[in-house]
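Novice: I have a structure here, written as structure tokens, and I will follow up with some questions on it.
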């Protein structure tokens, strides 16, 4: 029996990409790649996620759709890698990590806390 996939034409492209990645791999693998919980993936796919869906969208766009940002420290960088760097703890022994920490927690236009201000 052939399985027919009916795609909601109104579904946002990033959500369609997320759905396809989960079908090709699994929700668990995709969650690991995006550094989020499987519950978040499941709830987003079912349209019931109560959190900040824009953060998940940015991760999907960076990991699977090639979206990049201009990092003041690393230059061009995938959006999902930018988000990972924002969540890293400060390291006083690694000059690169220290520079990233200062930029991500300062005035970087890509930082989550600055995205919320500009929205």
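In the numbering used here, the protein residues as written are 1 to 119. For glycine and all other residues, C-beta sits at the position ideal for the given N, C-alpha and C.
Could you check which residue in 34, 89, 43, 69 has the C-alpha nearest to that of residue 60?
Specialist: Nearest option by C-alpha distance: 34.
Novice: Less than 8 Å between C-beta atoms, sequence neighbours within five positions excluded: which residues of the same chain meet that for residue 31?
Specialist: These residues qualify, in order along the chain: 37, 38, 40, 41.
Novice: In terms of alpha-carbon separation, which member of 20, 65, 101, 68 lies closest to residue 45?
Specialist: It is 20 whose Cα lies nearest to the Cα of residue 45.
Novice: Using only CA atoms, which one of 85, 80, 93 lies nearest to residue 104?
Specialist: The candidate whose alpha carbon is nearest that of residue 104 is 85.
Novice: Which term fits residue 28, buried or exposed, when burial requires 16 or more other beta carbons within 10 angstroms of its beta carbon?
Specialist: The residue in question, residue 28, is exposed, as its Cβ has fewer than 16 Cβ neighbours within 10 Å.
Novice: May I ask you to report which of helix, strand or coil DSSP gives residue 122?
Specialist: The question about residue 122 has no answer, for the chain in this structure spans 1 to 119.
Novice: Excluding the five sequence neighbours on either side, which residues of its own chain have a C-beta within less than 8 Å of the C-beta of residue 120, listed in chain order?
Specialist: The first residue shown for the chain is 1 and the last is 119, placing residue 120 beyond what the model contains.
Novice: Name the residue from 11, 95, 112 whose alpha carbon lies nearest to the alpha carbon of residue 47.
Specialist: Among 11, 95, 112, the Cα nearest to that of residue 47 is on 11.
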